[in-house]
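These notes are about the structure you will find just below.
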Amino acid sequence: MKLVVEVIDAHDLMPKDGEGSASTYVEVDFQNQLSKTKTIPKNLNPVWNQKLVFDLDETKSRYQQSIEVSVYNQKRSIPGRNFLGRVRIPCLNIVKKGEEVYQTFPLERKWFFSSVKGDIGLKIYITPESETKSPASPPSPPQPTDTSALNYLPPVNTCIAENTNLDCKTLAALPKAEAASVKTINAIATKSEKEISTLAVIENSTPVAVLESGGITSVKEPNEDRIYKHQVLQQPSMSRERRPQGVLHTMHSTSQPAHPSEEDDYALKDTNPQLGERWPAGGAYGGRGWMNAERYASTYDLVEQMSYLYVRVVKAKDLPPSAITGSCDPYVEVKLGNYKGRTKHFEKKMNPEWNQVFAFSKDRLQSSVLEVFVKDKEMVGRDDYLGRVVFDLNEIPTRVPPDSPLAPQWYRLEDRRGEGKVRGEIMLAVWMGTQADEAFPEAWHADASSVYGEGVLSIRSKVYVSPKLWYLRVNVIEAQDIVANDRSRIPEVFVKAQVGNQILKTKVNPSRTTNPLWNEDLVFVAAEPFEEQLLLTVEDRIHPTRDDVLGKISLPLNIFEKRLDHRPVHSRWFNLEKFGFGVLEADRRRELKFASRIHIRVCLEGGYHVLDESTMYISDQRPTARQLWKQPVGILEVGILSAQGLLPMKMKDGRGSTDAYCVAKYGQKWVRTRTILDTFNPKWNEQYTWEVYDPCTVITLGVFDNCHLGGSEKPNAPSAARDARIGKVRIRLSTLEAFRIYTHSYPLLVLHPNGVKKMGELQLAFRFTTLSLANMIYVYGHPLLPKMHYLHPFTVNQVDNLRYQAMSIVATRLGRAEPPLRKEVVEYMLDVDSHMWSMRRSKANFFRIMSLLSGMISMSRWFVDVCQWKNPITSVLVHILFLILIWYPELILPTLFLYMFLIGIWNYRFRPRHPPHMDTKLSWAEAVHPDELDEEFDTFPTSRPQDIVRMRYDRLRSVAGRIQTVVGDIATQGERLGSLLSWRDPRATSLFIMFCLCAAVVLYVTPFRVVALVAGLYYLRHPRFRSKLPSVPGNFFKRLPARTDSLL
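Residue numbering for the sequence shown follows the numbering used here, starting at 381 and increasing by one per position.
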């Protein structure tokens, strides 16, 4: 692999030649490889457009690698150079060739007193070695007589540059000893996959061996965006000791009353599952689950162990043909007690290959003998028996990952009675394992034997990745030579843009002209790979209900530039295709000498984060462009243990049944557990890991009932069954303590038209591990979203529309996966209906505001009591404190911050012991009116009868009338404040400005401490010196005029 650094240009550099300019060149240092560009004389905004190519050692972790780009001024009079600035770029987020974009970096200082300014534009990407141009090898120089000196010379690598006249020099990259070790690593990495334990990866990529002190230990993907299942990245500094059971890691369950109340039934419960204790060398920390030196290791310390008997049927050979047909249609039947698993059959094949795995739960074993039958499928009658292999379960070996997979062996087939061998052999592997086995996700499970067809795929556990979303900004500037279909009139032109199902229009040009001008921005959402095209049509508004198409053009999205910041993008002219020519007008095409043109500026915005979920429950805040990603600040591990007490969701054979599975979503990674059939207490015990880039994010977990076990219906058919929602849980990572294992049982609460209902409980175990405290502090001081959201923000309507479009694209793409993650699941996890009107939510938000204001109200009441001398001791103490602060005003701020510090220390005793969960009281779900719930579950537009809609509309009018009154009162007070100096009331304004003059004179001659002392003592005076009538300033303010008398 080669690393390409394309040096484009620089801007606003510091002059260093004494003449107000600089002769600049760029020097790039990557892993002791130095290369520089040509020198641009006398230019503070140089343009190089030069590529520098370096060797990339894939055996090294990119966390420690960085690229240093330095800009220098070449001295002309004397040899030497001046430092103009440098940039250090981590190799963590370098993209492949084809994904690179132009990116500007501000130049940084090398020393504290360096004078540096300006920025440099680069493109950085990785390309295969075969795609780089190798320079012609120079003729070999004559060999010296004494070659011993050459052993001390480092090897010299020639820098590859595509421009001519380049002053390009590359120093030694590696000593000879290291180069030899790298060759050895490459040789080892090319061994068979059986000798190297590979990791389960979502994306396909070339594996790279990771070199450690002990040699080749694992295979690591070079792309850090890979998502690993059941793995965790561990820093070398994070060494831990194994702690006793139940100490700081699991919270002991508390005894529940015999008849718990409804409030306790909705509460979060502590659990104490056996996490990792029974695993070999497992535990909370240490053992197999954790390894240092930046290694990805399999870890299952957050789930309970589940044992399975695995049978891998690989292939068979030399099977006997049928005496009637002369051929064989073989299949294998695996039998363990009453459980039978069956492979697919092959027609007329004597040496079939199945490579299929069967899994039998150890808790449900009904026999001590495992039988594997090979049979010949017959069209009529019973299938012929070809042979069998019998295993004693007491002699089956046990395998625990990360041990290598058990090698299959050939077994000779026996006759039905086991009295002798028959013709044919079968290759099998049988072992006892756990759910940590890599064969577990794809295995056929005995408890799912009733599922058939495509439904078998829908019950397996899967990991999904959301599509990469971009904002597409289309700036419609102008058009030229627009001719209406009716030549007798000047067109009223507007532009309609369409990307997939998204349609946006510009305003109709107000001036009737053939060269209209708009300069409007239209923003769309696009997903990689770009399947849709940008369709632009110029239309003429003939009638409010009729538009004529004057021209159109279709453009692929991959031709547009990707930008990472707010720099301008070059605009382009496109010729419009004439629209509407019929067969009879074929001759008129030749008469067209000029085509109408449209002027647009289009770019793909990589500096934004495409919002596909509500900002209140956001799980990812990274921008689209990977070059702008920061390093992860932590690791989130979630163990989905089980569910308890689920309610029946459908009827099966005359009784209630539930086929439950769990979905978790965080960032771009979605996980789906396998479906546990026909049980109200499913046990999954699956563990997943996410990289955390911001702790102020939320992970969402939902439980659903699988309604697609038959497999015959199409996923997007209108009559297809929908997976029913059972409940949802949200966990905010910022509320979690680092390195602590949380084990809780979350109530699954769902709001139905007849009220809130508990559907069961979901048992989870999760842990948030911080990788760097410095990075965590750095994150808390930076904006929540990428900077482009603040430099060029979208409007509220744009954010809502773009979020809905992004959600639709994600649901469509995930619905096309195999097996599909269905649309109703994605919509429920992304809270697609969170913006809909709800009287219940409005009440909940109102009381949330009132709870916030309650503290201020209580403080004001306490202060009124102090002023009223309800408690004389408190009032005297407040007077003393006030006099101290007046005498020493410099103590005000320190006292305030000290007071807040003491409050925080005091509240630490009462801190929450577990993360927050769904609160029915806060949601106003317990005392909600049935009609309000019916309104919340109503469709949009409404499907209710007319009288109900009229009643709800009148109720909404009454509520809006109260809000209108409150808003009017606020506006009135503001207008009164503005009328103090507006002379709407001449007498009031005259009195006020004379008061201001007198107050200014008094305050000029009176020290501020005296004024503050008098004002404070006057406000804190005893009730004996107070009047029950309103104060003079209040009376004066209420007499000021407002604009209410001008309202109709």
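All C-beta atoms in this analysis are idealised placements derived from N, C-alpha and C, irrespective of residue type, glycine included. The model shown is predicted, which means the values in this text are computed figures rather than measured ones.
PRO732 vs ALA703 beta-carbon contact at 8 Å: no
In this structure, does DSSP put GLN1344 in helix, strand or coil? helix
Quick test of your reading: LEU914 and LEU935, contact by CB under 8 Å. State the CB separation rounded to the nearest angstrom. 5 Å
Straight-line Cα distance separating GLY1348 from PRO1421: 14 Å
Using CA atoms only, rank isn't needed, just tell me which of VAL1083, GLY1014 and THR1004 is closest to CYS1076. GLY1014
Per DSSP, what are the beta-bridge partners of ARG1147 in this structure? GLU1017 and ILE1121
Roughly how many whole angstroms lie between the Cα atoms of GLN1185 and GLU407? 45 Å
Contacting residues, own chain, Cβ-Cβ under 7 Å from PHE1060 (five flanking each side not counted): GLY1025, LEU1026 and THR1038
Assuming THR1069 is part of the beta strand (DSSP E), what are its boundary residues? 1063-1072
To the nearest whole angstrom, what separates the beta carbons of ARG1105 and VAL1078, a pair I think is in contact under 8 Å? Contact flag wrong, Cβ pair sits at about 18 Å.
Can you tell me which residues form a DSSP beta bridge with GLU858? LEU897 and HIS979
Sequence-distant residues of the same chain with beta carbon closer than 6 Å to SER1114, five excluded per side: PRO1075 and CYS1076
Leaving aside the five residues before and after ARG867 along the sequence, list all residues of the same chain whose C-beta is less than 7 Å from its C-beta, in chain order. none
Assigned secondary structure, ALA1392 (DSSP; H/G/I helix, E/B strand, else coil): helix
To the nearest angstrom, how far is it from the Cα of LEU1142 to the Cα of THR1319? 30 Å
Name the residue from ARG1419, HIS979, TRP1064 and VAL903 whose alpha carbon lies nearest to the alpha carbon of LYS932. HIS979
For LEU327, which residues of its own chain have a beta-carbon under 6 Å away from its beta-carbon, when the five flanking residues on both sides are left out? A question about residue 327 goes unanswered here, because the residues of the chain that appear run from 381 up to 1428.
When DSSP labels each residue in this structure, what does GLN1435 get in the three-state scheme? Residue 1435 is absent from the model: the chain starts at 381 and stops at 1428.
Could you please give me the residues that DSSP links to TYR851 through a beta bridge? VAL905 and GLU985
Please report the distance separating the alpha-carbon of PRO1252 from that of LEU1276. 24 Å
In this structure, does DSSP put MET618 in helix, strand or coil? Because the pLDDT at MET618 is just 36, under 50, the model does not fix this residue reliably, and the point stays unresolved.
Are there 16 or more other CB atoms within 10 angstroms of the CB of LEU766, so buried, or fewer, so exposed? buried
8 Å Cβ cutoff met for LEU808 and ARG768: no
Beta strand (DSSP E) containing LYS1203: first to last residue? Taken as a continuous stretch (DSSP letters only), LYS1203 belongs to no beta strand (DSSP E), being part of the alpha helix (DSSP H) at 1203-1209.
How should PHE871 be labelled, buried or exposed, when 16 other C-beta atoms within 10 angstroms of its C-beta is the threshold for buried? Contrary to the premise, residue 871 reads as Pro rather than Phe in this sequence. Flag for PRO871 reads buried.
Straight-line CA distance for THR1322 to ASP1314? 11 Å
With DSSP as the reference, label GLY1235 as helix, strand or coil. helix
Suppose you measure from the CA of PRO395 to the CA of GLY498; what does that come to, to the nearest Å? 11 Å
Buried/exposed call for HIS1088, threshold 16 Cβ in 10 Å: buried
Under the DSSP definition of a beta bridge, which residues are partnered with ALA696? ILE806
Rounded to whole angstroms, what's the CA-CA distance from TYR988 to ASP901? Just pull it up for me. 16 Å
Rounding to the nearest angstrom, what Cα-Cα distance links ASN1181 and VAL385 in this structure? 38 Å
Counting contacts by CB-CB distance shorter than 8 Å, is TRP1363 in contact with chain C? This model lacks chain C altogether, as it is built from one protein chain only.
Distance check for PHE463 and GLU390, CA to CA, integer angstroms please. It is worth fixing the name first, because residue 390 is Ala in this sequence and not Glu. Roughly 14 Å between the two C-alpha positions.
Under the three-state reduction of DSSP, which class applies to ILE458: helix, strand or coil? coil
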